[in-house]
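One structure below.
In the working numbering, the protein residues as written are 4 to 153.
Given below as structure tokens:
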């Protein structure tokens, strides 16, 4: 029996490679988003930590330094939020590319499945015809041998 060969296998492999690349790019952007979110969490933690520290102190210079530090944290937060907005836009573009690549792979996979099913059906018909030919030949030989004996 002849082996199944999908004529567009190289294209399917290329599409799968493109999908893998697109997913890797999206993963990099998602890692950057996670890094920025961790920075924002760290800023929030620092703000709470130094708020408690300043509240417990009665020294005016500590309150003044804490307020200056809060201004710095606010600037860092604004920078992180701007970076996050840019990264989210890039991530959305990467998601669209991944969806498009997935669609291309899906189309070729469905075509391959249809071709494989057609190939299986054709091979099954050939096998059934071969079996019918063998059974017919055996019946013919048996009939011939019965006529020769009788």
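Backbone N, C-alpha and C fix where the C-beta goes; we use that ideal spot for every residue, glycine too.
Within its own chain, the residues whose Cβ lies closer than 8 Å to the Cβ of residue 112, once the five positions on either side in sequence are excluded, are 15, listed in chain order.
Under the DSSP assignment, residue 39 falls in the alpha helix (DSSP H) whose first and last residues are 12-59. Taking the Cα of residue 13 as reference, the smallest distance to any Cα among 145, 141, 108, 138 is reached at 108. When 57, 45, 140 are compared, the shortest CA-CA separation from residue 76 is found for 45. Inter-residue distance for residue 85 and residue 40 is about 12 Å (C-alpha atoms, whole angstroms). Note on geometry: alpha-carbon atoms of residue 30 and residue 102 lie some 14 Å from one another.
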